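Peer 1:
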Amino acid sequence: MRFATKALRVAQTPEGTYRPVVPPLVQSTTYAWNNLDEIPEIDYTRCQNPNRKILEEVLASMENGLRCTLFSSGMAAISATFSLLQQGDHLILANDIYGGTFRLAEKYLPRQGVSFSSFDAQNPSSLEDVIQPNTKLLIFESPTNPTLRVPDIRAITEIAKKHGIITVFDNTFASPANQTPLDLGVDIVVHSTTKYISGHSDVVGGATITNNAEIGEWIYEWNKAIGANPSPFDCWLSIRGLRTLACRIDRHNQNAQAVAEFLATQPAVKRVHYPGLPDHPDHEVAKSQMRGFGGMVSFELETEAAARAVAESTRIFLLAESLGGVESLVAYPPLMSHATMTEEQRLERGIPPTMLRLSVGVEDIEDLLEDLQHALAQIPVQQAILR
Ligand SMILES: Cc1ncc(COP(=O)(O)O)c(C=O)c1O
Numbered sequence: 000m001r002f003a004t005k006a007l008r009v010a011q012t013p014e015g016t017y018r019p020v021v022p023p024l025v026q027s028t029t030y031a032w033n034n035l036d037e038i039p040e041i042d043y044t045r046c047q048n049p050n051r052k053i054l055e056e057v058l059a060s061m062e063n064g065l066r067c068t069l070f071s072s073g074m075a076a077i078s079a080t081f082s083l084l085q086q087g088d089h090l091i092l093a094n095d096i097y098g099g100t101f102r103l104a105e106k107y108l109p110r111q112g113v114s115f116s117s118f119d120a121q122n123p124s125s126l127e128d129v130i131q132p133n134t135k136l137l138i139f140e141s142p143t144n145p146t147l148r149v150p151d152i153r154a155i156t157e158i159a160k161k162h163g164i165i166t167v168f169d170n171t172f173a174s175p176a177n178q179t180p181l182d183l184g185v186d187i188v189v190h191s192t193t194k195y196i197s198g199h200s201d202v203v204g205g206a207t208i209t210n211n212a213e214i215g216e217w218i219y220e221w222n223k224a225i226g227a228n229p230s231p232f233d234c235w236l237s238i239r240g241l242r243t244l245a246c247r248i249d250r251h252n253q254n255a256q257a258v259a260e261f262l263a264t265q266p267a268v269k270r271v272h273y274p275g276l277p278d279h280p281d282h283e284v285a286k287s288q289m290r291g292f293g294g295m296v297s298f299e300l301e302t303e304a305a306a307r308a309v310a311e312s313t314r315i316f317l318l319a320e321s322l323g324g325v326e327s328l329v330a331y332p333p334l335m336s337h338a339t340m341t342e343e344q345r346l347e348r349g350i351p352p353t354m355l356r357l358s359v360g361v362e363d364i365e366d367l368l369e370d371l372q373h374a375l376a377q378i379p380v381q382q383a384i385l386r
């Protein structure tokens, strides 16, 4: 079965008296045993649930993985991969990893005796400089947030493998429609299913997917132990979203490419960050590992006042956190996703106060371009007011 078909047909054969085409929502927390000799496949919803099981099977197949475990959030999924670490182990993070992942490593892991280092994922050989004999796990992502750089996944996993390091890759920004990192050598894929997987900004969830049976079982058991399970209704909503992932992503990719090309022609725009632009520094790497360049576009204006003016002037792009839903959003990283960092830390990561991030949705492209054109036209007026 191919990608779009898997979303509709894996683990979704009509069953029961009425054979519903859409798997029904099963809210029950507990399941009746036939007798004491047979343990039911599903007995309690913290451990497993019919809606969760379907979503796990579909998502595993779409990522070309064997085993998926679902969580109540993306962060719960990421912290589950950190349960593979024990006292004395060392973790390596890409230096532009998602802020929540960094917070977990910086604030909580040292208390459990786990140390960490970061490396520049744009320069895979810099990984060798931070590997220690006790390095157990490496986590990175692509495209990165919000600078949309595209590290070479194969090159990084090759170095990690040579040193026996388990690789974790956050595939939230690309989704399996654009990139399947297990095929590129990664050991564990993680998702904030809150984003493209669910796709409608109405569920918070997370997932891990792996081809390593032992790791898959460990993570599943960890979830059972800590109880970070998703609710049946959230799984039902996520599968409803996942069924249209292939066509949503086609549209996100097309709209984002058109938005990036439009912004690149605008005199008020200083720089556009989108891996689908031929002059993007990682365009060739992106072409070699992605099927599409994704729905996220960042751009820089000349001044902070101009960035604020544009963020506050769009009408279709809503000023809001998060990404990956069908509706277009604009975000101002210094006050939103990267607010907990100092200005110096943001600048080190290439996030100036003049930058905006767009999650380009599936609306009519003409409306999106008109909206941006209108917002860019507000710059001089707004700047005068701010002054
Ligand atoms: C790349 C990435 N990974 C992980 C997360 C965390 O996911 P959640 O908010 O579902 O816990 C986010 C959230 O924005 C994200 O953007």
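First residue of the sequence shown: 0, per numbering that gives the first Met the number 0; consecutive thereafter.
Yeah, the Cβ is synthetic: ideal placement off N, Cα and C, and Gly gets one too.
None of the values given here were measured: they were computed from a predicted structure.
Compute the distance between the beta-carbons of G184 and R153, then report whether it is under 9 Å.
Peer 2: Locating residue 184 in the sequence shown gives position 185, where the first residue counts as 1. Locating residue 153 in the sequence shown gives position 154, where the first residue counts as 1. Yes, they are a contact pair.
Peer 1: Nearer than 8 Å: is that true of the beta carbon of S336 relative to any heavy atom of ligand 1?
Peer 2: Within the sequence shown, numbered from 1, the residue matching residue 336 stands at position 337. Indeed, a heavy atom of ligand 1 lies less than 8 Å from the Cβ.
Peer 1: Counting pairs of Cβ atoms below 8 Å between the segment 29-49 and the segment 164-172, do you hit three or more?
Peer 2: no
Peer 1: What are the boundary residues of the alpha helix (DSSP H) that includes D370?
Peer 2: Here the question's residue 370 lines up with position 371 in the sequence shown. Segment I364 to A376, the alpha helix (DSSP H) holding D370.
Peer 1: How would you call Y273, buried or exposed, if buried means at least 16 neighbouring beta carbons within 10 angstroms?
Peer 2: If you number the sequence shown from 1, residue 273 lands on position 274. Y273 is buried by the Cβ-count criterion.
Peer 1: Quick check on I38: buried or exposed, where buried means 16 or more other Cβ atoms within 10 Å of its Cβ?
Peer 2: Taking the sequence shown and counting its residues from 1, one reaches residue 38 at position 39. The residue in question, I38, is exposed, as its Cβ has fewer than 16 Cβ neighbours within 10 Å.
Peer 1: Roughly how many angstroms separate the alpha carbons of A383 and N122, rounded to a whole number?
Peer 2: Here residue 383 refers to the residue found at position 384 of the sequence shown. Here residue 122 refers to the residue found at position 123 of the sequence shown. Annotation note: pLDDT 46 at A383 (below 50); position unreliable, no value reported.
Peer 1: Beta carbon of D403: closer than 8 Å to some heavy atom of ligand 1?
Peer 2: Nothing can be reported for residue 403: it is not among the residues displayed for the chain, which extend from 0 to 386.
Peer 1: Mind checking whether the beta-carbon of G204 lies closer than 8 Å to any heavy atom of ligand 1?
Peer 2: On the sequence shown, position 205 is the one that residue 204 refers to. Because some heavy atom of ligand 1 lies under 8 Å away, the Cβ of G204 counts as near it: yes.
Peer 1: From which residue to which residue does the alpha helix (DSSP H) around C246 run?
Peer 2: Locating residue 246 in the sequence shown gives position 247, where the first residue counts as 1. Note, C246: alpha helix (DSSP H), L244 to A263.
Peer 1: Measure the alpha-carbon distance for H373 versus M340 and round it to whole angstroms.
Peer 2: Along the sequence shown, read from residue 1 onward, the residue named residue 373 stands at position 374. Along the sequence shown, read from residue 1 onward, the residue named residue 340 stands at position 341. One Cα belongs to H373, the other to M340, and the distance between them is close to 31 Å.
Peer 1: Pick out the complete beta strand (DSSP E) segments inside the segment 109-194, 3 residues or longer, and give them in chain order.
Peer 2: 114-118, 134-140, 165-169 and 187-191
Peer 1: Between which two residues does the beta strand (DSSP E) carrying G205 extend?
Peer 2: What you label residue 205 is simply residue 206 of the sequence shown in a count that begins at 1. It spans G205 to T209 - the beta strand (DSSP E) in which G205 sits, taken as one unbroken run.
Peer 1: Just verifying my parser: in three-state terms, what is the DSSP assignment at V329?
Peer 2: Position 330 of the sequence shown, counted from the start, is the residue given in the question as residue 329. Residue state for V329 is assigned as strand, using DSSP reduced to three classes.
Peer 1: Quick one: is T12 near chain C, going by C-beta distance under 9 Å?
Peer 2: This model lacks chain C altogether, as it is built from one protein chain only.
Peer 1: Tell me where the alpha helix (DSSP H) around C46 begins and ends.
Peer 2: As a first step, residue 46 is located in the sequence shown; it is residue number 47 there, counting from the start. Neither: C46 is in no alpha helix (DSSP H) and is coded neither H nor E.
Peer 1: What residues in its chain sit with their C-beta under 6 Å from that of N210, if we drop five residues either side in the sequence?
Peer 2: Within the sequence shown, residue 210 is the residue found at index 211, counting from 1. Excluding sequence neighbours, N210 sits near G64, L65 and L181.
Peer 1: Whose CA, out of K135, R45 and E320, lies closest to the CA of Q86?
Peer 2: As a first step, residue 86 is located in the sequence shown; it is residue number 87 there, counting from the start. Looking at the Cα atoms, K135 is the closest of the given residues.
Peer 1: From L300, I218 and S116, pick the residue whose C-alpha is nearest to that of I350; which is it?
Peer 2: Translated into positions along the sequence shown, residue 350 becomes position 351. I350 has its Cα closest to that of L300, out of L300, I218 and S116.
Peer 1: Using a threshold of 8 Å, is the CB atom of T80 nearer than that to any non-hydrogen atom of ligand 1?
Peer 2: As a working note, residue 80 is residue 81 in the sequence shown. Every heavy atom of ligand 1 is 8 Å or more from the Cβ of T80, so no.
Peer 1: Check for me: the alpha helix (DSSP H) holding V271 runs from which residue to which?
Peer 2: As a first step, residue 271 must be located in the sequence shown, where it is residue number 272. Unbroken run through V271 is the beta strand (DSSP E), V268 to H272; no alpha helix (DSSP H).
Peer 1: Provide the residue span of the alpha helix (DSSP H) that contains E220, from first to last.
Peer 2: For this step, residue 220 is matched to residue 221 along the sequence shown. Unbroken alpha helix (DSSP H) run through E220: A212 to I225.
Peer 1: Buried or exposed for Q288, please, with buried defined as at least 16 other CB atoms from any protein chain shown within 10 angstroms of its CB.
Peer 2: Within the sequence shown, residue 288 is the residue found at index 289, counting from 1. By the neighbour-count rule (16 or more Cβ atoms within 10 Å), Q288 is buried.
Peer 1: Along the chain, where does the beta strand (DSSP E) containing M0 start, and where does it finish?
Peer 2: Translated into the one-based positions of the sequence shown, residue 0 becomes position 1. Careful: M0 lies outside any beta strand (DSSP E) and carries neither H nor E.
Peer 1: If you measure from the CB of T100, is any heavy atom of ligand 1 nearer than 8 Å?
Peer 2: The residue you call residue 100 lines up with position 101 of the sequence shown. Checking every heavy atom of ligand 1 against the Cβ of T100, one is found closer than 8 Å.
Peer 1: Going by DSSP, which residues form a beta bridge with I91?
Peer 2: For the purposes of this step, residue 91 is taken as the residue at position 92 of the sequence shown. Answer by DSSP bridge pairing, in chain order: S116 and L137.
Peer 1: Beta carbon of F139: closer than 8 Å to some heavy atom of ligand 1?
Peer 2: Position 140 of the sequence shown holds residue 139. Answer for F139: no, Cβ out of range of ligand 1.
Peer 1: Within 10 angstroms of the Cβ of S124, are there 16 or more other Cβ atoms? Answer buried if so, exposed if not.
Peer 2: Locating residue 124 in the sequence shown gives position 125, counting from the first residue. S124 is exposed by the Cβ-count criterion.
Peer 1: With hydrogens ignored, establish whether the beta-carbon of F172 is closer than 8 Å to any heavy atom of ligand 1.
Peer 2: Position 173 of the sequence shown holds residue 172. With a threshold of 8 Å, the Cβ atom of F172 counts as near ligand 1, since some heavy atom of the ligand is closer than that.
Peer 1: CA-CA distance, D95 and D36?
Peer 2: Taking the sequence shown and counting its residues from 1, one reaches residue 95 at position 96. Taking the sequence shown and counting its residues from 1, one reaches residue 36 at position 37. Between D95 and D36, the C-alpha separation is close to 52 Å.
Peer 1: On the premise that P145 lies in contact with P332, defined as a C-beta separation below 8 Å, what is that separation, rounded to the nearest angstrom?
Peer 2: By one-based count along the sequence shown, residue 332 stands at place 333. By one-based count along the sequence shown, residue 145 stands at place 146. Yes, they are in contact, since the Cβ atoms of P332 and P145 sit about 5 Å apart, within 8 Å.
Peer 1: What residue does the alpha helix (DSSP H) around L276 start on, and which one ends it?
Peer 2: The count along the sequence shown starts at 1 and reaches residue 276 at position 277. Where L276 is concerned, there is no enclosing alpha helix (DSSP H), given that its DSSP letter is neither H nor E.
Peer 1: May I have the straight-line CA-CA distance separating G226 from A263, to the nearest angstrom?
Peer 2: Counting from 1 along the sequence shown, the entry for residue 226 is found at position 227. Counting from 1 along the sequence shown, the entry for residue 263 is found at position 264. Going from the Cα of G226 to the Cα of A263 covers about 47 Å.
Peer 1: At 3 residues or longer, and completely inside the segment 56-102: list those beta strand (DSSP E) runs for me, N to C.
Peer 2: For the segment 56-102, whole beta strand (DSSP E) runs of length 3 or above, ordered along the chain, are 66-70 and 89-93.
Peer 1: When we look at the beta-carbon of R110 and count the other beta-carbons within 10 Å, is it buried (16 or more) or exposed?
Peer 2: Taking the sequence shown and counting its residues from 1, one reaches residue 110 at position 111. Answer is exposed; the Cβ neighbour count stays below 16.
Peer 1: With 16 other CB atoms within 10 Å as the buried threshold, where does R386 fall?
Peer 2: Locating residue 386 in the sequence shown gives position 387, counting from the first residue. Unreliable positioning characterises R386 in this predicted model, as indicated by a pLDDT of 44, which lies under 50. The coordinate reading is nonetheless provided below. Flag for R386 reads exposed.
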